[in-house]
Amino acid sequence: MIHLAGGVAGFLLGAIFGSFIATLCLRWPEGESVLRGRSTCDGCGEPIPPGRLVPLLSAALSRGRATCCGSRIDPFHFRVELAAALIGAVALALAPSGQGLALAAFGWLLLPLFLLDRHHFWLPDPLTLCLAAASFVAAPFLNDVPLAERIASGLVAGLGLALIGWSYARFRHREGLGQGDPKLFAALALWLGPEATVATLLGAALLGLGEALVRRKARDEALPFGAYLCLAAWLIATLRVAAVP
Numbered sequence: 032m033i034h035l036a037g038g039v040a041g042f043l044l045g046a047i048f049g050s051f052i053a054t055l056c057l058r059w060p061e062g063e064s065v066l067r068g069r070s071t072c073d074g075c076g077e078p079i080p081p082g083r084l085v086p087l088l089s090a091a092l093s094r095g096r097a098t099c100c101g102s103r104i105d106p107f108h109f110r111v112e113l114a115a116a117l118i119g120a121v122a123l124a125l126a127p128s129g130q131g132l133a134l135a136a137f138g139w140l141l142l143p144l145f146l147l148d149r150h151h152f153w154l155p156d157p158l159t160l161c162l163a164a165a166s167f168v169a170a171p172f173l174n175d176v177p178l179a180e181r182i183a184s185g186l187v188a189g190l191g192l193a194l195i196g197w198s199y200a201r202f203r204h205r206e207g208l209g210q211g212d213p214k215l216f217a218a219l220a221l222w223l224g225p226e227a228t229v230a231t232l233l234g235a236a237l238l239g240l241g242e243a244l245v246r247r248k249a250r251d252e253a254l255p256f257g258a259y260l261c262l263a264a265w266l267i268a269t270l271r272v273a274a275v276p
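If you want it as structure tokens, here you go:
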């Protein structure tokens, strides 16, 4: 059953989180502080007043142009806000409860990891640690997998993927996985438990293979495997919530 009111609330809440996520993904790779400093125009550097920082709405009303100088606004802001809003809408439309909030939080924590790995091949340890820590509070709302089983899954997943990466590098003499991928996989296992963790790995592999085939990437061209893990994990968690009567 779809809950319209929950979906609307999740959309609005997600748009707010999306604004912060977009700022984080733009500033952090440049070495800039996420929490300090006012938002400024990308074109002229003029500080942006609060009235022009309403997620989604401000960009839509300005038609993608800064009102101070008329320069083009990077559409990345709007896209990330929309993605976060849709994550919240889907989660709370499926379950306007603690379960839906947990699913939304899972998606909002995964979104910056997805974007940073997708654009910069970077999975920051602090974000992965936040994802892992949040599992101890929120994961019980998503499933009934015992804590001890989820911890064991995290250890096996992280060490197993690290071993695969080490073996690949040893025998192929080049890196096959980034150092952040095993850590991310371990954090995902803390949320999902053993069965869904295996499904996530298979889903991520299929997503990577699909993109490689569609875009005809060269065999030695790097792929953001962490991004595929993030996407597969959230899709699997969402399907599990949707399957609950």
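The numbers in the sequence shown follow this note's numbering, run straight up by one, and end at 276.
Beta carbons: idealized from backbone N, C-alpha and C, even for Gly.
Does the Cβ-Cβ distance between residue i and residue j come in under 9 Å?
i	j	result
Ile47	Val111	no
His150	Pro276	no
Ala114	Leu43	no
Leu158	Leu178	no
Gly49	Leu142	yes
Ala243	Leu254	yes
Gly37	Pro127	yes
Ala217	Leu190	yes
Thinking residue i and residue j are a contact (beta carbons under 8 Å), I'd like their distance in whole angstroms, please.
i	j	result
Gly41	Gly119	3 Å
Leu266	Trp222	Not quite, the Cβ-Cβ distance comes to about 13 Å (not below 8 Å), so this is no contact.
Ser184	Thr228	5 Å
Ala272	Leu125	As written in the sequence, residue 272 is Val, which differs from the Ala given in the question. Yes, they are in contact, since the Cβ atoms of Val272 and Leu125 sit about 5 Å apart, within 8 Å.
Glu180	Pro213	Not really, about 19 Å apart at Cβ, beyond 8 Å.
Leu238	Leu262	6 Å
Gly241	Leu215	Rounded, the Cβ-Cβ distance is 20 Å, inconsistent with contact.
Leu87	Phe107	Not a contact, Cβ separation roughly 13 Å.
Within the same chain, show all residues whose beta-carbon is closer than 6 Å to that of residue i, passing over the 5 residues directly before and after it, in chain order.
i	result
Ala308	Any answer about residue 308 is impossible in this case: the structure gives the chain only from 32 up to 276.
Trp287	Absent from the model: residue 287. The displayed extent of the chain is 32 to 276, so no value can be given.
Ala3	Shown here, the chain extends from 32 to 276; a query on residue 3 therefore has no answer.
Ala235	Tyr259, Leu260, Ala263
Gly45	Ala115, Ala116, Ile118, Gly119
Glu206	Ala200
To which residues of the same chain is residue i closer than 8 Å at the C-beta, ignoring the five residues directly before and after it?
i	result
Ile33	Ala124, Leu125
Leu55	Val65, Pro143
Ser166	Arg181, Ala218, Leu221, Trp222
Val39	Ala120
Val168	none
Tell me which same chain residues have a C-beta within less than 7 Å of the C-beta of residue i, skipping the five on either side of it?
i	result
Cys161	Leu140
Val176	Gly224
Using 8 Å as the threshold, is the stretch 179-196 in touch with the stretch 126-144, meaning 3 or more CB pairs across them?
no
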